[in-house]
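Engineer: For the sequence shown, the positions run 1 to 147 when the working numbering is used.
Quick reminder that beta carbons are idealized off the backbone N, C-alpha and C, glycines included.
Just so we're clear, the structure is a prediction, and the values are computed from it rather than from any experiment.
Following this message is one structure expressed as structure tokens.
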Amino acid sequence: MTPTLPGYKVECVGDDIAWMKFDSNGVLRAINPGNGFFGVAPGTSMSTNPIAMKTIFKNSLFTNVASTSAGGVYWEGMEPSHYDGVTVTDWLGKLWSPNSGKVAAHPNSRFCTPAQQCPIIDAAWEDQAGVQSVPFYSAGVGQPAYL
């Protein structure tokens with residue numbers, strides 16, 4: 001998340017799970033039980049998730065994505081969709097083009113990357129006491145969260 005209101009900032013503890021509890025002083029704290037992010041690649045782009053895109057291109061593993069002759073990776077929804085002079089090999093090991101009628105990456109292809117690489121990771125994300133958090137309510141995936 002990137003705040004659009006001046007004076008606000010967002011810091012991250014994890015990409016999908018945070019264990020939360022109140023400490024002995026009644027302060028809500030959160031920890032990430034994992035050490036990294038495990039995300040679905042297709043649809044992830046600089047326009048849909050710029051923080052993830054800034055996190056994943058070093059020290060990361062990719063599964064079932066397409067590879068490029070330039071040494072990169074590719075999946076549906078990534079910008080740009082093709083590069084001049086670069087060939088793409090799909091997740092099955094076959095040459096791929098945008099006109100092939102097939103997907104380049106498996107729909108459930110993934111990336112796995114260290115959390116410490118996230119540009120908005122909270123400075124205290126590894127603190128055993130947890131990161132001080134604000135209470136919020138989320139109605140579920142695709143629903144608004146309330147602070």
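1) Check Pro50 in the structure and name its three-state DSSP category.
2) With distances taken from CA atoms, which of Pro80, Ala41, Gly71 and Pro42 is nearest Thr89?
3) With burial defined as no fewer than 16 other Cβ atoms inside 10 Å of the residue's Cβ, what is the status of Leu147: buried or exposed?
4) What residue does the beta strand (DSSP E) around Met20 start on, and which one ends it?
5) Rounding to the nearest angstrom, what Cα-Cα distance links Arg29 and Asp122 in this structure?
6) Would you call the CB atoms of Ser109 and Trp91 closer than 9 Å?
7) Helix, strand or coil for Thr4 per DSSP?
8) Compare the Cα-Cα distances from Ala124 to each of Val65, Met1 and Glu11 and report the closest residue.
9) Evaluate Tyr8 with the Cβ neighbour count: other Cβ atoms within 10 Å of its Cβ, from every protein chain shown; 16 or more gives buried, anything less gives exposed.
10) Using C-beta distances below 6 Å, list every residue in its chain close to Thr44, excluding the 5 sequence neighbours before and after it, in chain order.
Structural biologist: Per the coordinate set shown:
1) Correct three-state label for Pro50: helix.
2) Nearest Cα to Thr89 within the set Pro80, Ala41, Gly71 and Pro42: Gly71.
3) A caution first: Leu147 carries a pLDDT of 46, below 50, which makes its placement in the model unreliable, though a value can still be read off. With a 10 Å radius around the Cβ and a threshold of 16 neighbouring Cβ atoms, Leu147 comes out exposed.
4) Element bounds for Met20: Trp19 to Phe22.
5) One Cα belongs to Arg29, the other to Asp122, and the distance between them is close to 12 Å.
6) The criterion of a C-beta distance shorter than 9 Å is satisfied by Ser109 and Trp91.
7) Reduced to three states, the DSSP call for Thr4 is coil.
8) Its Cα nearest to that of Ala124, the residue Glu11 stands out among Val65, Met1 and Glu11.
9) So Tyr8 ends up on the exposed side.
10) Cβ within range, chain order: Ala52.
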